[in-house]
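S.K.:
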Amino acid sequence: MESLLSFFFSAYLVLGMAATLYAIGFFFVSGLTLFDQGKKRPMPFRFQCSYIFVMLLMMPVFYLIFIQEILSLPRHYQAQKHTAAKS
3 MESLLSFFFS AYLVLGMAAT LYAIGFFFVS GLTLFDQGKK RPMPFRFQCS YIFVMLLMMP
63 VFYLIFIQEI LSLPRHYQAQ KHTAAKS
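The sequence shown: position 2 = 4 (our numbering), numbered continuously.
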């Protein structure tokens with residue numbers, strides 16, 4: 003029973019780290035944070051570093067709560083590119 007529970011938590015954290023790296027990758031590519039809903043806002047460098055550190059520490063555990071936001075990142079990125087092309 004312990005090994006099954008250990009496997010479940012390990013798999014959960016591995017998937018959480020993958021989702022975290024995906025969200026941080028989108029932050030590096032587009033500058034969109036997980037909580038901006040597709041609106042890129044100016045952010046000082048210290049806040050960018052804080053965002054990355056907090057994401058690396060907290061997101062692997064809480065990624066299921068934010069799964070909709072994580073999955074909507076490509077859609078927000080495409081919308082941002084589309085509106086930038088219009089301007």
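Here a beta-carbon is modelled for each residue, glycine too, at the ideal position from N, C-alpha and C.
Expressed to the nearest angstrom, what Euclidean distance is found between the alpha-carbon atoms of E71 and S5?
M.R.: Position 69 of the sequence shown, counted from the first residue, corresponds to residue 71. Position 3 of the sequence shown, counted from the first residue, corresponds to residue 5. Roughly 32 angstroms between the two C-alpha positions.
S.K.: List the endpoints of the continuous alpha helix (DSSP H) containing M19.
M.R.: As a first step, residue 19 must be located in the sequence shown, where it is residue number 17. Residues 4 to 32.
S.K.: Please confirm whether Y65 and G18 have their CB atoms less than 7 angstroms apart.
M.R.: Counting from one through the sequence shown, the residue named residue 65 turns up at place 63. Counting from one through the sequence shown, the residue named residue 18 turns up at place 16. Cβ distance < 7 angstroms, so Y65 and G18 count as in contact.
S.K.: Quick one, which of T85, M61, A87 has its alpha-carbon nearest Y24's?
M.R.: Mapped onto the sequence shown, residue 24 falls at position 22. If we check each option's Cα against that of Y24, M61 comes out closest.
S.K.: For K83, which option in M45, F55, V31 has the closest C-alpha, if you only look at C-alpha atoms?
M.R.: Stepping through the sequence shown from its first residue, residue 83 is reached at position 81. Among M45, F55, V31, the Cα nearest to that of K83 is on V31.
S.K.: Please identify the residue among Q50, K41, S74, L59 whose C-alpha is closest to the C-alpha of T85.
M.R.: Counted from its first residue, the sequence shown places residue 85 at position 83. The shortest C-alpha separation from T85 is found at K41.
S.K.: Just how far apart, CA to CA, sit F28 and P46?
M.R.: By one-based count along the sequence shown, residue 28 stands at place 26. By one-based count along the sequence shown, residue 46 stands at place 44. Roughly 18 angstroms between the two C-alpha positions.
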